[in-house]
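>
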């Protein structure tokens with residue numbers, strides 16, 4: 010889930026800290042993963058992540 014809202018059950022079980030989506034380290038790692046994906050796609054001639062197919066996704070997961 011990207012930029013999604015946590016459900017009420019999650020908020021209830023985690024308390025007031027549930028709305029905080031993570032620590033700086035988690036955010037940094039997410040950004041790094043997006044950058045790795047962008048570099049990987051660019052090397053293969055892809056310039057539009059909207060055109061990312063299941064086939065490309067499987068290849069990326071396998072190769073990373």
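Numbering (the numbering used here), first residue to last: 10 to 73.
Heads up, the beta-carbon is just placed ideally off N, CA and C, and yes, glycines get one too.
#1: Along the alpha helix (DSSP H) that carries residue 67, what are the first and last residues, could you check?
#2: Can you give me the C-alpha to C-alpha distance between residue 39 and residue 70, rounded to a whole angstrom?
#3: Could you check what DSSP says for residue 27 in three-state terms: helix, strand or coil?
#4: Reducing DSSP to helix, strand and coil, say where residue 45 ends up.
#5: Helix, strand or coil: which one does DSSP assign to residue 57?
#6: Roughly how many whole angstroms lie between the Cα atoms of residue 56 and residue 50?
So, from the listed chains and residues:
#1: 63-72
#2: 15 Å
#3: Because residue 27 carries a pLDDT of 49, less than 50, the predicted location of this residue cannot be relied on, and the following value inherits that uncertainty. Reduced to three states, the DSSP call for residue 27 is helix.
#4: helix
#5: coil
#6: 7 Å
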